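One structure below.
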Amino acid sequence: SDRWTHTFTLFSMVAALFCAIFILLSGGSRFRDDNSLHLIYLLYESICFFSFYLILLAIAYYGYRTYTLQIEANQLRQKIYSKWLQERAIALHKLNREVHEDEELMKAAKDKKKKEENANPFHQKTIEEDEKFEN
């Protein structure tokens, strides 16, 4: 972006210089007087034009710089947001893994408890007696 700015500034300066020289060369026929003030008028006109052009150039550069700073700020904001999203995704992945591990542990504990209950014949007889009593 600095290269583009320098190229634009260089071309603008060359154009302003060309216009100032053109005004100097073409103005001689417009200002004919006996006191030979035409060079002063031409110099004044050239300085006015050149300063006006420099003001336009400064406004253009300020606009361009503001635009590039805004783009850089948006890119930085996007990087921060993507980093935050990545950290959030990693945290959610860890949380899901922990929940899945907890579910597996609960399922294993439930299966173990069921096996222990099925392995106890006295407990099985109690269940059968309860069912008969309910019927």
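If you read the sequence shown in our numbering, its first letter stands for residue 974, the second for the next number, and so on. Every residue gets a Cβ at the ideal spot worked out from N, C-alpha and C, and that includes glycine. Here the structure is a predicted model, which means the values were calculated and not measured.
Give me the Cα-Cα distance between residue i and residue j, rounded to the nearest whole angstrom.
i, j, result
"G1036", "L983", "17 angstroms"
"A1062", "I1053", "14 angstroms"
"L990", "L1058", "53 angstroms"
"A1086", "A1064", "What sits at residue 1086 in the sequence shown is Lys, not Ala. Rounded to whole angstroms, K1086 to A1064 spans 33 angstroms at the Cα level."
"S985", "L1068", "59 angstroms"
"Y1026", "N1047", "31 angstroms"
"T1039", "A1031", "12 angstroms"
"T978", "E1074", "58 angstroms"
Would you mind sorting residue i into buried or exposed? The rule is 16 or more other CB atoms within 10 Å of its CB.
i, result
"L1029", "exposed"
"L1015", "buried"
"S1019", "buried"
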